[in-house]
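Going down the list, the protein sequences come from chains A and B. Be aware that the first sequence starts at 21, since it is given in the working numbering, and climbs by one per residue. Be aware that the second sequence starts at 1020, since it is given in the working numbering, and climbs by one per residue. Yeah, the Cβ is synthetic: ideal placement off N, Cα and C, and Gly gets one too. Since the structure is predicted, the reported quantities are computational estimates derived from the model, not experimental observations.
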Amino acid sequence: MKVDTSKPLEYGTHENSNRIFGFWVFLGAEIALFATLFTVFFVLVNRFADGPSGSELFEIGPVLIETFLLLTSSFTIGLAVHAMRHQYKRAMLVFFGITLLMGLGFLGIEITEFVTYVHEGATLQTSAFLSSLFVLLGTHGAHVTFGFLWGAAIMIQLMREGINPATANKSFIFSLYWHFLDVVWIFIFSFVYLKGLM
Amino acid sequence: MNFDLEKFKVHGEPLIYGAMISIALVSIGIVVGLTVFRKWGWLWREWLTTVDHKRIGVMYILAALLMLFRGGIDALMMRLQTAAPDMKFLDAQHYNEVFTTHGLIMILFMAMPFIIGLMNVVVPLQIGARDVAFPRLNAVSFWLFFFGAMLLNISFVIGGSPDAGWSAYFPLASLEFSPTVGNNYYSLALQISGIGTLMTGVNFIVTILKMRAPGMKLMRMPMFTWSVLITNVIIVFAFPVLTVALALMMFDRLFGSQFFTMANGGMDMLWANLFWVWGHPEVYIVILPAFGIYSEIIATFSKKNLYGYTSMVASMLIISLLSFIVWAHHFYTMGQGVLVNGFFSITTMAIAVPTGVKIFNWLFTLRKGRISFTTPMLYSLAFIPIFTIGGVTGVMLAMASADYMYHNTMFLVAHFHYVLIPGAVFAVIAGFHYWFPKVFGFRLNERIGKHAFWWIIISFNVAFFPLFILGLKGMTRRMYTYSAETGFGPLNMISFAGALGLAIGFVILVYNIYWSTRYMPRDENGDPWDARTLEWATHSPIPEYNFAVVPKVKSRDPFWAMKHDKQPLFEEPITKIHMPSNTGKPFVLGVVFFFLGFFLVFSMWIPAIVAGVGVLIVLAAMSFERDHGFYIPADKVIKTEKKLGGGTV
């Protein structure tokens, strides 16, 4: 395996730099996916049937905490990549771990929110608005869940092997994914929650 | 969990029992054959675990040929059922299932994989690469496609096929109006193979942009590679829309959500929009690579370089952009108003312009060329006039106000068969004949090939031209029978005769594969057609590493330049070659996805969760694996090259 040392470690081999480029292309597809889900949501947003509307349902408190957790975790995964570039394995693992824990916290609050909605009689089956809300949020949440599992797998590999071209490449790609989920959440926060609360 | 055996059964039809028995017999035959000839190990090592783009391509094409016959039998059944008034061959339900699976299979499990198969075989060779960017992901793509296709195919005998048309419009496709599991199969089988296709899209974009041989600038790429690049960009942006649409459909049908329902705020039209936002680009996903194939073949057999290379590329780019803003022309009659219809009318008609540019470029390539009428060339030449009929009738349909007359008539059916069969099917057959010697080292017999060609070309017109007239006379599509008073009988009978002729043509085509395998002389120099592009610069059959030395490209049509202008292609000495190692995990992933899909179709939640966890476990196993491939030492490469003769040594 030829490693080009003039580049950052995660870009070092030809395969690894292709992987990163490929993941950007994949994120393009993910943007198309979430764009479609947002479109569906905007089409159905005023179709409450007999169910509650967004302003009746949403509470800003938990959503703010979710936002705070996810945005901070995006920062800490950036710190992890920074530590990785300097070969600080322990610092990298710590930041990586904090990121995943915040992701877990986010998921905990999101699930609690869902349970609350359902208790208030707002289920997937109630109205088109709620169907699109649950599926949009759920798709994002499923991405975070998958990211948590994926990130945990990468952490185990980091602990076993340390920082090498393979683990560095995986970690960097994971960070791209995590930032992407953050961006999607910003749209959800603004156009689903804030707009819904108005 | 309510476990009810009744759900799995399909009742009543002798034809379905026949299908069950034939599926069982074929499966037993395959198992017995593999065991008797001790081929299980060979099958596993050489094919099921392969990551070689050529072998994956061959598997795609084999699967596509199988599906061509499955979809073709559907077509014959439909044509027989409508051949005369008041036929009793199929009942209404069975007819609905047959036309639905015919459409699904022909588009998604025949045309797409055939094209992706050719893409796999040809593109890495055309750009002078040793493999695709992500060989293992490529295997994942194939096995997801394959098991998605299998999941749809078993629906016929277990639980019932989808029956709401290949476009599965709501509310017809909802649980209320389609209570069988058929449309569950639709949502899950397409989802699984769709994920595979999306991965193909990512893989080939990276391959083409990052793996080209030194000197092959974008504007030196062969036209087929260009068409594949543009196609894959369309895949990456269109398939997520299908993913979402299918997921919402699944939620509506399995979990009672209200996306496309009639009550509780749902919007049935939303499905039609989502479906066609994917569905129209999908048409170009199958047709742009076909344009690429024709460009290669017409240039090769005219002994000229392609006329208007730059305008070819530009027109494909324009088509790819327009393909995303024409979707509403599929439902002008659903009442979205004059302004919307007007917009989509204009964009649709605009597509005729870049397409026309391409037609003229092919004609000018032919002009003053030294044309040799080989089988692939015959298909390409037949394509031009027939496709033009399809295109011109498309412009007729594009006019929204006129479309109120044509909408959902046989005129439409005739139109899209006139576009898709010359546009996609003739192209893949032409490409199949053209690249066959590259993969297997011998040509298909020309005489038998031309027999098949004339059967197919004449029968195609006999089968589909009457449908234009039937449509104008008022026969709607998807009606399973009609009375004698309508007067539709004779033309339908002619069409049935054409369908039979088409079937004969395809049988001859397959017979040609068998005959040529046994009797055709082996091809000596790897360049049987005196072709122009890089794939012909290596041996036939292709060694696993493709090129012993990575070629250096200095012009368009570099192989032609090497042969005729003495431009050297292979200058470096042979060194060791890095290869990816085989893996069984993509196959296992496909199997697990198959079960996940199957359990979800029947709402068997606990097994579905187990299978879902299984998917995660396989993915984790892939993540934890460290496999750096292996090297073929230089002396072994030299030995192989000497044995194959010619080429690079």
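Chain A partners of residue i, CB-CB under 9 angstroms?
| i | result |
| --- | --- |
| B/L1293 | T56, T59 and V60 |
Using a C-beta cutoff of 8 angstroms, does residue i count as contacting chain A?
| i | result |
| --- | --- |
| B/G1356 | no |
| B/V1629 | no |
| B/F1278 | yes |
| B/N1645 | Correcting the residue identity first, residue 1645 of chain B is Arg in this sequence and not Asn. Closer than 8 angstroms to some Cβ of chain A, the Cβ of B/R1645 qualifies, so yes. |
| B/M1268 | no |
| B/N1283 | yes |
| B/L1289 | yes |
| B/L1217 | yes |
Taking only the alpha-carbon atoms, compute the straight-line gap between residue i and residue j and give it to the nearest angstrom.
| i | j | result |
| --- | --- | --- |
| B/L1358 | A/L53 | 28 angstroms |
| B/F1128 | A/E86 | 43 angstroms |
| B/S1186 | B/G1413 | 19 angstroms |
| A/S151 | A/W198 | 25 angstroms |
| A/F78 | A/L47 | 29 angstroms |
| A/L64 | A/D70 | 14 angstroms |
| B/I1214 | B/K1585 | 45 angstroms |
| B/M1020 | A/G117 | Below a pLDDT of 50, predicted positions are generally treated as unreliable, and B/M1020, at 43, falls in that range; the measurement from the model is reported next regardless. When rounded, the distance between both Cα atoms is 38 angstroms. |
| A/G74 | A/L214 | 10 angstroms |
| A/I40 | A/G167 | 17 angstroms |
| B/R1098 | B/S1514 | 7 angstroms |
| A/L124 | A/W205 | 15 angstroms |
| B/V1668 | B/A1208 | A caution first: B/V1668 carries a pLDDT of 45, below 50, which makes its placement in the model unreliable, though a value can still be read off. Taking the straight line joining both Cα atoms gives about 47 angstroms. |
| B/P1143 | B/F1621 | 41 angstroms |
| B/I1488 | B/G1633 | 53 angstroms |
| A/I129 | A/M112 | 26 angstroms |
Does any residue of chain B bring its CB to less than 8 angstroms from the CB of residue i?
| i | result |
| --- | --- |
| A/L64 | yes |
| A/N38 | yes |
| A/F68 | yes |
| A/G161 | no |
| A/A186 | yes |
| A/S147 | yes |
| A/A103 | no |
| A/S151 | yes |
For residue i, go through chain B and note every residue whose CB falls closer than 7 angstroms to its CB, in chain order.
| i | result |
| --- | --- |
| A/V45 | V1221, I1224, V1225 and V1255 |
| A/L53 | P1259, T1262 and V1263 |
| A/L169 | L1635 |
| A/Q177 | F1643 |
Based on Cα-Cα distance, which residue from the options lies nearest to residue i?
| i | options | result |
| --- | --- | --- |
| B/M1623 | B/V1200, B/Y1114, B/Y1036 and B/S1600 | B/V1200 |
| B/R1074 | B/V1151, B/I1249 and B/M1429 | B/V1151 |
| B/R1551 | B/V1629, B/K1573, B/A1333 and B/E1315 | B/E1315 |
| A/I174 | A/L120, A/T56 and A/T136 | A/L120 |
| B/S1535 | B/N1511, B/G1076, B/R1462 and B/K1661 | B/R1462 |
| B/V1176 | B/L1062, B/E1116, B/Y1538 and B/G1490 | B/E1116 |
| B/F1643 | A/H160, A/D202, A/L144 and A/M179 | A/M179 |
| B/M1131 | B/V1332, B/L1382, B/T1216 and B/G1493 | B/T1216 |
| A/Q177 | B/A1639, B/F1118, B/S1046 and B/G1147 | B/A1639 |
Applying a beta-carbon distance threshold of less than 9 angstroms, which residues of chain B neighbour residue i?
| i | result |
| --- | --- |
| A/G42 | A1152, F1153, L1156, V1221, N1222, I1224, V1225 and K1229 |
| A/A142 | The premise fails here: A/A142 is roughly 12 angstroms from chain B at the closest Cβ pair, so nothing lies under 9 angstroms. |
| A/A173 | L1638, A1639, S1642 and F1643 |
| A/L74 | According to the sequence as given, residue 74 of chain A is Gly; it is not Leu. Those within 9 angstroms of A/G74 in chain B number zero; the least Cβ separation is about 13 angstroms. |
Closer than 8 angstroms by beta-carbon distance: list the chain A residues that pair up with residue i, in chain order.
| i | result |
| --- | --- |
| B/L1273 | Chain A residues near B/L1273: none, gap ~11 angstroms exceeds 8 angstroms. |
| B/M1286 | V63, L64, R67 and A148 |
Against chain D, does residue i count as a neighbour if the rule is that its beta carbon must be under 8 angstroms from one of theirs?
| i | result |
| --- | --- |
| A/V155 | Annotation note: the requested chain D is absent from the structure, which comprises protein chains A and B. |
Closer than 8 angstroms by beta-carbon distance: list the chain B residues that pair up with residue i, in chain order.
| i | result |
| --- | --- |
| A/A219 | Summary: the structure shown does not reach residue 219 of chain A, with chain A confined to residues 21 through 218, and so no result is reported for it. |
Sufficient close CB pairs (3 or more, under 8 angstroms) joining the region 1166-1183 of chain B to the region 1614-1631 of chain B: A contact is defined here as three or more CB-CB pairs under 8 angstroms, and the region 1166-1183 of chain B meets this definition with respect to the region 1614-1631 of chain B.
Segment contact flag, the region 1449-1465 of chain B with the region 1135-1144 of chain B, C-beta cutoff 8 angstroms, min 3 pairs: A contact between stretches requires three or more CB pairs, one per stretch, nearer than 8 angstroms, and the region 1449-1465 of chain B meets this requirement with the region 1135-1144 of chain B.
Inter-stretch contact at 8 angstroms, needing at least 3 Cβ pairs: the region 1353-1373 of chain B / the region 1324-1343 of chain B: Counting Cβ pairs under 8 angstroms, three or more are found: they touch.
contact_flag[the region 1258-1272 of chain B, the region 1291-1299 of chain B] where n(CB pairs < 8 angstroms) is 3 or more: Judged by Cβ distances under 8 angstroms, the region 1258-1272 of chain B makes contact with the region 1291-1299 of chain B, as three or more pairs qualify.
Cβ contact check for the region 1537-1557 of chain B and the region 1314-1334 of chain B: 3 or more pairs under 8 angstroms: With a cut-off of 8 angstroms, the region 1314-1334 of chain B and the region 1537-1557 of chain B count as touching, because enough Cβ pairs lie within range.
Three CB pairs or more closer than 8 angstroms across the region 29-42 of chain A and the region 1234-1247 of chain B: Not touching, per the Cβ criterion.
Contact the region 1168-1178 of chain B vs the region 1248-1258 of chain B: 3+ CB pairs below 8 angstroms: Contact fails: fewer than three Cβ-Cβ distances are below 8 angstroms.
Sufficient close CB pairs (3 or more, under 8 angstroms) joining the region 1221-1228 of chain B to the region 1561-1579 of chain B: No, the region 1221-1228 of chain B is not in contact with the region 1561-1579 of chain B.
Contact between the region 93-103 of chain A and the region 183-202 of chain A (3+ Cβ pairs under 8 angstroms): At 8 angstroms Cβ cutoff, the stretches touch.
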